[in-house]
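> Taking our numbering, the leading residue of the sequence shown gets 2, the next gets one more, and so forth. What follows is a single structure, and I will ask about it in a moment.
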Amino acid sequence: MPAKRKLVPPALNITPTIAEGPSPTGGEGDGSEAHLVDLQKKLEELELDEQQKKRLEAFLTQKAKVGELKDDDFERISELGAGNGGVVTKVQHKPSGLIMARKLIHLEIKPAIRNQIIRELQVLHECNSPYIVGFYGAFYSDGEISICMEHMDGGSLDQVLKEAKRIPEEILGKVSIAVLRGLAYLREKHQIMHRDVKPSNILVNSRGEIKLCDFGVSGQLIDSMANSFVGTRSYMSPERLQGTHYSVQSDIWSMGLSLVELSIGRYPIPPPDGKELEVIFGRPIVDGAEGETHSISPRPRPPGRPVSGHGMDSRPAMAIFELLDYIVNEVSGGGGILTLFNGGPVG
């Protein structure tokens with residue numbers, strides 16, 4: 002039997018252009034060519050296709066030119082959303098011209114805790130993956146911690162769901178792959194759990210990339226926000242709700258709830274009954290306990306085909322081409338998200 006060929010990731014070419022002044026990563030002395038060479042070596046350990054490689058190259062090269070982040074350097078464009086303790090705005094970083102997403106978190110905390118949070122957030126500079134939203138840096142100004150991230154112009158999946166009503170199975174398959182690869186990357190490379198997987202923390206863009214955001218790298222930030230805000234408990238696993246020991250399996254629980262929600266068009270508790278499932282999936286539903294068929298459909302609905310409205314939930318599922326048009330033209334304002342729907346790679 003012939004030996005299995007080892008996959009050799011393509012080489013990465015990160016241009017080591019560093020802005021004068023403070024390090025682009027917010028640390029002291031690590032914004033050097035040696036730092037980028039080390040980063041390039043880490044990225045080459047990942048199994049990236051050519052397209053993913055080029056996109057990471059471009060992001061990291063742009064990031065190396067950003068320099069120190071300051072409040073005065075940002076021009077607000079629009080609000081992207083508000084949630085768990087923070088407001089996210091679309092901004093332009095004037096010195097570089099880059100469009101970013103800036104999350105503002107207002108916390109009444111002591112300077113020592115504030116500085117610890119900023120230090121803990123620096124690990125995000127090492128989280129470079131096609132399935133993780135890119136990080137430009139974090140800083141404190143006027144009572145608020147700013148976390149500056151890659152702008153994902155397709156928005157979050159909870160926003161897409163409001164228009165789509167339900168996400169087709171083919172797309173959910175690609176979402177599943179991207180989320181699992183993102184969670185595996187955080188776990189295997191950085192020993193990080195996400196802790197807050199939900200549709201609003203799964204973002205898409207007009208290039209067809211699907212990425213995770215808002216994972217818990219700062220224990221101090223998590224504790225501070227827990228004391229100031231009521232967190233999202235709906236997607237937490239039973240062990241987290243009970244306050245007992247939990248592990249990465251808790252993220253999988255949250256992912257499962259999220260996928261079911263995207264599939265049926267609503268938060269899945271209480272669970273849908275047989276009639277609702279028939280409306281959603283267009284096929285007979287058999288009661289496993291009694292073997293009764295609640296209703297009969299002529300044939301299973303082809304994947305992605307809209308369901309005609311009737312019964313308990315008359316909202317039709319959005320066809321793939323309609324969802325594509327919505328994300329490209331309504332959410333992102335143009336572009337191409339075709340790789341999310343065709344046979345191309347996720348991310």
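Virtual Cβ for every residue (Gly too), placed ideally from N, Cα, C.
Excluding sequence positions up to five away, which residues of its chain have a Cβ less than 8 Å from the Cβ of SER251?
Within the sequence shown, the letter at position 250 stands for residue 251. Answer for SER251: MET194, ARG196, MET237, SER238, GLU240, ARG241, listed in chain order.
> With a cut-off of 8 Å, do at least 3 Cβ pairs link the segment 203 to 219 to the segment 130 to 141?
Yes: at least three Cβ pairs fall under 8 Å.
> If I measure Cβ to Cβ from LEU81 and keep anything under 7 Å in the same chain, skipping five residues before and after, which residues do I get?
By 1-based counting over the sequence shown, the position of residue 81 is 80. VAL89, THR90, LYS91, ALA102.
> Under a three-way DSSP split, which group does PHE216 fall into?
Mapped onto the sequence shown, residue 216 falls at position 215. Coil at PHE216, not helix or strand.
> Measure the beta-carbon distance from GLY155 to ASN206 and round it to whole angstroms, keeping in mind my assumption that it falls under 8 Å.
What you label residue 155 is simply residue 154 of the sequence shown in a count that begins at 1. What you label residue 206 is simply residue 205 of the sequence shown in a count that begins at 1. At roughly 5 Å, the Cβ-Cβ gap stays under 8 Å, so GLY155 and ASN206 are in contact.
> With DSSP as the reference, label MET150 as helix, strand or coil.
By one-based count along the sequence shown, residue 150 stands at place 149. MET150: strand per DSSP, three-state reduction.
> Expressed to the nearest angstrom, what Euclidean distance is found between the alpha-carbon atoms of PHE75 and ASP143?
Within the sequence shown, residue 75 is the residue found at index 74, counting from 1. Within the sequence shown, residue 143 is the residue found at index 142, counting from 1. The alpha-carbon atoms of PHE75 and ASP143 are separated by roughly 14 Å.
> Rounded to whole angstroms, how far is the Cβ of LEU99 from the Cβ of GLN63, which I believe are closer than 8 Å?
Position 98 of the sequence shown, counted from the first residue, corresponds to residue 99. Position 62 of the sequence shown, counted from the first residue, corresponds to residue 63. About 6 Å separates the two Cβ atoms, so the contact holds.
> In the structure shown, what three-state DSSP assignment does LEU204 receive?
Stepping through the sequence shown from its first residue, residue 204 is reached at position 203. Note: LEU204 maps to strand in three-state DSSP.
> When you compare the CB positions of GLU262 and PRO169, do they come within less than 8 Å of one another, or not?
Counting from one through the sequence shown, the residue named residue 262 turns up at place 261. Counting from one through the sequence shown, the residue named residue 169 turns up at place 168. Contact: no.
> Which of the three DSSP states, helix, strand or coil, is assigned to GLU164?
As a position in the sequence shown, residue 164 is number 163, starting the count at 1. Correct three-state label for GLU164: helix.
> Which class does ALA113 belong to by DSSP, given the choice of helix, strand or coil?
Residue mapping note: residue 113 aligns to position 112 of the sequence shown, counting from 1. Looking at ALA113 - three-state DSSP - the assignment turns out to be helix.
> Going by DSSP, what residue range makes up the beta strand (DSSP E) through VAL88?
Taking the sequence shown and counting its residues from 1, one reaches residue 88 at position 87. Looking at the DSSP string, the run of the beta strand (DSSP E) that includes VAL88 is 87 to 94.
> Which whole-angstrom value describes the C-beta separation of ARG167 and ILE265, a residue pair presumed to lie in contact below a C-beta threshold of 8 Å?
As a position in the sequence shown, residue 167 is number 166, starting the count at 1. As a position in the sequence shown, residue 265 is number 264, starting the count at 1. Right, the Cβ-Cβ distance comes to about 7 Å (below 8 Å), so this counts as a contact.
> Would you give the residue range spanned by the alpha helix (DSSP H) that MET256 belongs to?
Position 255 of the sequence shown, counted from the start, is the residue given in the question as residue 256. Note, MET256: alpha helix (DSSP H), 250 to 265.
> May I ask you to report which of helix, strand or coil DSSP gives LYS190?
Looking up residue 190 in the sequence shown gives position 189. If DSSP states are grouped into helix, strand and coil, LYS190 belongs with the helices.
> For ARG77, which residues from the same chain have a beta carbon less than 6 Å from its beta carbon, with the 5 sequence-adjacent residues on both sides left out?
Within the sequence shown, numbered from 1, the residue matching residue 77 stands at position 76. Same-chain partners within the cutoff: THR90, VAL92.
> Output the distance between the C-alpha atoms of LYS190 and VAL280, rounded to the nearest integer angstrom.
To locate residue 190, count along the sequence shown from 1; it is residue 189. To locate residue 280, count along the sequence shown from 1; it is residue 279. Distance between the alpha carbons of LYS190 and VAL280 is about 42 Å.
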